[in-house]
Amino acid sequence: MERFARMTAVGLAVGLALAGCNSSSSEGAGSTLRNLVMFGGPTVPAPAAGGLEDAYCPRVGVIDGGAALQAYAGRTGDPNALRNQISLTELARECVARPDGATLVKVGVEGRALLGPGASAGGRFEAPVRVVIKSGDRVLATRFRRVPVTIPAGDTQGSFTVVEEGLVVPPGSGEFEIEVGLGGAGGPERPARRRG
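Just so you know, the numbering used here puts 33 at position 47 of the sequence shown, and the rest follows in order with no gaps.
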């Protein structure tokens, strides 16, 4: 009976651990992505004596229409013709107040590429990731990068991670917003074609 109770407890612990691995949040609390952004590595270092001055650091939002991109084989909108979809899965940020009054922002983005029914095979794709920091209608900083995503042959998905560092919010900017999205300067666009 004691062995059964012990096995049940172990099974429950493993199940809870696996469920935690599958969870996702826009802040990435305790995730590898958040640790990469905040600490420069996958784990949390020991606390240091004396800390940095707290800085205003809003949650990361998603640009309207920028959460996912779909590419179709001919019939746009037909789920059976979907070749691939690239989507955002997790976002994280860190803000540090500089002595000159500016705020230094670091943003982490994690995403996934999935093959659809209209796909012929895996391959290499590019996720067009845009990070924008703005105050009202005024853009304070922006970055755009095409991030490679590989879906190995025989698989149906691949993931990507990018950390944008060195985004500067000028002194006196007040409250600002951090937004991330998939797409180019003109808004959402189709994923880049597969490269052989």
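Beta carbons: idealized from backbone N, C-alpha and C, even for Gly.
If you follow the beta strand (DSSP E) that residue i is in, where does it begin and where does it stop?
{"i": "Tyr58", "result": "54 to 58"}
{"i": "Glu165", "result": "163 to 168"}
{"i": "Gly47", "result": "46 to 48"}
When every heavy atom of the ligand NAD is checked, does at least one fall within less than 7 angstroms of the C-beta of residue i?
{"i": "Leu90", "result": "Ligands displayed in this structure: none; no statement on the ligand NAD is therefore possible."}
Under a three-way DSSP split, which group does residue i fall into?
{"i": "Thr62", "result": "coil"}
{"i": "Pro33", "result": "Summary for Pro33: the model assigns pLDDT 49, below 50, so the residue's position carries little reliability; its value from the coordinates is reported in the next sentence. In this structure, Pro33 counts as coil in the three-state DSSP scheme."}
{"i": "Gly14", "result": "With a pLDDT of 41 at Gly14, under the threshold of 50, the modelled position of this residue cannot be trusted, and the question is left open."}
Does the distance from the CB of residue i to the CB of residue j come in under 8 angstroms?
{"i": "Ala41", "j": "Ala83", "result": "yes"}
{"i": "Ala59", "j": "Ala67", "result": "yes"}
{"i": "Gly47", "j": "Glu165", "result": "yes"}
{"i": "Ala105", "j": "Arg69", "result": "yes"}
{"i": "Gly97", "j": "Thr75", "result": "yes"}
{"i": "Ile49", "j": "Arg116", "result": "yes"}
{"i": "Ala225", "j": "Val133", "result": "With the chain covering only -13 through 182, there is no way to say anything about residue 225."}
{"i": "Phe162", "j": "Pro44", "result": "yes"}
{"i": "Ile137", "j": "Gly160", "result": "no"}
If we require 3 or more residues per run, which beta strand (DSSP E) segments fall completely within the stretch 66 to 143? 68 to 83, 89 to 101, 109 to 121, 124 to 137
Does the stretch 88 to 97 come into contact with the stretch 147 to 160, if we say contact requires no fewer than three beta-carbon pairs (one atom in each stretch) closer than 8 angstroms? yes
Does the stretch 134 to 146 come close enough to the stretch 116 to 125 that 3 or more CB-CB pairs lie under 8 angstroms? no
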